[in-house]
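For reference, the structure is listed below as structure tokens.
Residue numbers (our numbering), protein chains in the order written: chain A, 2 to 380; chain B, 15 to 279; chain C, -9 to 267.
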């Protein structure tokens, strides 16, 4: 495993404009993996990326690149390349010259350059675009040129800073697949920064969830989703009902006024915990079969399923079900032991409650804020 | 209303161009009279080109304009990059100092530098006011205009392209030349042209800082106005006017050509 | 730490050095000379000497204000009509406004000497019609004319710049809401063009109040402006040269202009300036 590490960040701390952005951050990145730094704006993900690229020097800590300390190596001497948020293509050069830029800096032979550029254009499906002007390209095409430009210099690690943020939804989905393909075909390491959890889940081998300049959890997408370490991760990744509970003993947790069987153990007896239950893991059953009961307060049709909000003694659960339930109905709720995930209490406990204020609109609004603040994320 | 505004425009433009027209007509006057037109001739143009004082001052004007514009463009462009990165009080202080020569009356700028030159240069090693002091004073009032035309271009620049170039293996200084300069070249060229023309056009600052050895064309013209009337000035003015017109036409043609090129994409 | 901060400090070094020595130090020297006598001792005498020149200051400010007002009145209608023309005609007109500016102002002023002279074109024309010629050159009126002529484009261009930014639909909306011509001007056009008017006024007033060439050429030594006095103290005959009084007059002129600009900026609350650049 050791030899496999291409990048190590050791005890990285940095303050920008008087604000502590990263606090004693440690991270190992394996060769050839697709790793995503995920978190809300201001969590330090872009700063981490810029430290790896060399645009920022940490106040403390080391950056190791294939076993060599590169903390003080300037960006132009590092074997990593970046896809910038707004592409940062050179507007005065055409597509060919943009992609050839790094090769010309290396003083490669004209024939070699021509061959590499042609290869790269084929890789990103832009054959025949050599002579095109940058301004004449669509957002998606510019994105492809940016990828080709970075890959042309054959980096060992590609850094991507919210590369799909400016594209519309459909194009974004297509590019996600394409990026993943390129990564697998070339077998190089991708370090991807995003605030979009769906994007992170679908593309990554490893996800690093960050908040407040601190890594909250590192793991495979499935593990992060199924076994979030704390309330922040549980809330940030997917939808979740997060309840206050008490661990009565191994394999038994009490919450919502009921004792549930679960698969978790190793907690102290009667330890207060946070309990996570994903909306899709809750079964709607007749009242007499329910472990707990509640009233349906709203029903939203989502295509594949209904999203219903159920009031159980004042706590609003979100449940995704394929069977229609009428608003106002009194229903029973059944939860399988493996649907329950128990987490230790953290500083995030109690911050994420139920779905009483939930609406799609609010969700959208906060998304917009992310994108705006995302810009300030980069100093 | 339309007719009225046309007449009005015509009158104002008439006011602006009448004196120029009068000069052009009298530059071809065969006699020395200021008022009587004594027939068409090129007499004053021939005399103009034999006047060594005028030719020398024209040469000095062009030399000081070119040199001061080049130096001011270099200093000003580099400074803009630095000022662009500044924030808060430091940035405000720099911009305030930058504005001093722009807002101060020319005569104040002129005498303040003259005092400096007299205070240091002439007092310390007996140097004379001359081309050196002239050049320094021109660079000084040119620099702020370069900064003012380059700064807005930097504001419109995607900051990341400088980093992108370094990211692709280009050292910082070379990255600046290869990707930032082409992006702000319009501002640099505008700054250079402004510096050049302001320098060429300046009278007040040159008048106080050139001494007797390095008179620019405007200074020479000024001394000619004090002497008995000579239609040579008319001939000179006509030539300058024609030169400026040709220059403007070329610039405009180029600009519309560029617009067309952009529209084609 | 941002990696480029050191380079950024280095690139401003020549500028900082230059501006410090050739802009800041000279201004400090003006203050120093204004407050000392020929032997370098502190004195308020130079500043007090200004009292002797209060009439000159008065005339300078008066003529500059009159010229500025005339420029404003002449420029606004022209700027407005240009701003409502079709785009390609606009650029031609702007070029026509700028073209005379490209001629050196000495030459333009000199041209007026020819026209205004006692035996000049106007008087000849008047006499031809049987009238009696009148004295125009070497009067305050001639000086004002010279100022207006030289600085009129500086008023037209900034006003034109702000007026082009006002969309026709804004004016139409006002008309639609029942505003007549006068009301459109008073409530829409004028308030929206204030930034342009302000920079126009500064760009005319500052050179007008500090000129010495126009008064010399068209005032013929009869009209003495503050610029003439300053020039005389620095470049006059050996007997009259006095840097100390010259510096104090310049200092007062500078303060006068700074004050009037501060007052002007007070009117321009938006801080949006419609400069010509």
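Cβ coordinates follow ideal geometry from the N, Cα and C atoms, glycine included.
Drop a sphere of 10 angstroms on the beta-carbon of residue i, count the other beta-carbons inside from all chains shown, and report buried for 16 or more, exposed for fewer.
i                      : result
residue 33 of chain B  : buried
residue 301 of chain A : exposed
residue 328 of chain A : exposed
residue 119 of chain B : buried
residue 215 of chain B : buried
residue 116 of chain A : exposed
residue 103 of chain C : buried
residue 196 of chain A : buried
residue 290 of chain A : exposed
residue 256 of chain B : exposed
residue 128 of chain C : buried
residue 257 of chain C : exposed
residue 163 of chain C : exposed
residue 103 of chain B : exposed
residue 246 of chain B : buried
residue 3 of chain A   : Note that residue 3 of chain A scores 47 on pLDDT, short of 50, meaning its location in the model is unreliable; the coordinates nonetheless yield the value given after this. Its Cβ having fewer than 16 others within 10 Å, residue 3 of chain A is exposed.
residue 46 of chain A  : buried
residue 316 of chain A : buried
residue 152 of chain B : buried
Taking 8 Å as the threshold (beta carbon to beta carbon), is residue i in contact with chain A?
i                      : result
residue 174 of chain B : yes
residue 78 of chain B  : no
residue 178 of chain B : yes
Determine the extent of the alpha helix (DSSP H) in which residue i is found, giving its start and end residues.
i                      : result
residue 176 of chain C : Per DSSP, residue 176 of chain C belongs to no alpha helix (DSSP H) and is neither H nor E.
residue 175 of chain A : 170 to 187
residue 342 of chain A : Not the alpha helix (DSSP H): residue 342 of chain A falls in the beta strand (DSSP E), residues 341 to 345.
residue 66 of chain A  : Note, residue 66 of chain A: premise wrong, no alpha helix (DSSP H); beta strand (DSSP E) at 61 to 66.
residue 140 of chain A : 140 to 153
Since residue i is in the beta strand (DSSP E), which residue starts that stretch and which ends it?
i                      : result
residue 31 of chain A  : 20 to 31
residue 236 of chain B : From DSSP, residue 236 of chain B is part of no beta strand (DSSP E) but of the alpha helix (DSSP H) over 231 to 240.
residue 249 of chain A : 242 to 250
residue 9 of chain A   : 6 to 17
residue 260 of chain A : 259 to 262
residue 82 of chain A  : 81 to 84
Compare the C-beta of residue i against all C-beta atoms of chain C and say whether one is closer than 8 Å.
i                      : result
residue 284 of chain B : As shown, chain B starts at 15 and ends at 279. That puts residue 284 of chain B outside it, with no answer to give.
residue 279 of chain B : Note that residue 279 of chain B scores 48 on pLDDT, short of 50, meaning its location in the model is unreliable; the coordinates nonetheless yield the value given after this. Chain C contact via Cβ: absent.
residue 120 of chain B : yes
residue 251 of chain B : yes
residue 150 of chain B : yes
residue 171 of chain B : no
residue 154 of chain B : yes
Of all Cβ atoms in chain B, is any one closer than 8 Å to the Cβ of residue i?
i                      : result
residue 82 of chain A  : yes
residue 150 of chain A : yes
residue 53 of chain C  : no
residue 57 of chain C  : no
residue 136 of chain C : no
residue 125 of chain C : no
residue 85 of chain A  : yes
residue 220 of chain C : yes
residue 66 of chain C  : no
residue 79 of chain C  : no
residue 144 of chain C : no
residue 90 of chain C  : yes
Tell me the DSSP bridge mates of residue i?
i                      : result
residue 192 of chain A : A/36, A/160
residue 335 of chain A : A/284
residue 321 of chain B : Nothing can be reported for residue 321 of chain B, as the shown portion of chain B is limited to 15 through 279.
residue 195 of chain C : Residue 195 of chain C pairs with nothing; no bridge assigned.
residue 272 of chain A : A/248
Short-range partners of chain A found in the region 195 to 211 of chain B, where Cβ spacing is below 9 Å:
Cβ contacts with chain A: 196, 197, 199.
Taking any Cβ of chain A, which residues in the region 181 to 193 of chain B have a Cβ under 9 Å from it, in chain order?
Residues 181, 182, 183, 184, 185, 186, 188, 189, 192, 193.
Residues in the region 88 to 106 of chain A having any Cβ partner in chain B nearer than 7 Å:
Of all residues in the region 88 to 106 of chain A, only 89, 91, 92, 93, 102, 103, 106 come within less than 7 Å of chain B when Cβ atoms are compared, listed by chain position.
Could you list the residues in the region 145 to 170 of chain A with a C-beta less than 8 Å from some C-beta on chain B, going in chain order?
From the region 145 to 170 of chain A, only 150, 151, 154 have a Cβ closer than 8 Å to chain B.
Taking a cut of 9 Å between CB atoms, which residues from the region 57 to 79 of chain A lie near chain B?
Answer set for the region 57 to 79 of chain A: 75, 76, 77, 78, 79.
What are the residues of the region 188 to 203 of chain C that lie near chain B, defined by any Cβ-Cβ distance shorter than 9 Å?
Within the region 188 to 203 of chain C, the qualifying residues are 192, 196, 197, 199, 200, 201, 202, 203.
Note down, in chain order, all residues in the region 190 to 218 of chain A with a beta-carbon under 7 Å from any beta-carbon belonging to chain B.
When C-beta distances to chain B are compared with 7 Å, every residue of the region 190 to 218 of chain A stays at or above that value.
Closer than 7 Å, Cβ to any Cβ of chain C: which residues of the region 214 to 242 of chain B, in chain order?
So the close ones are 215, 217, 222, 232, 235, 236, 239.
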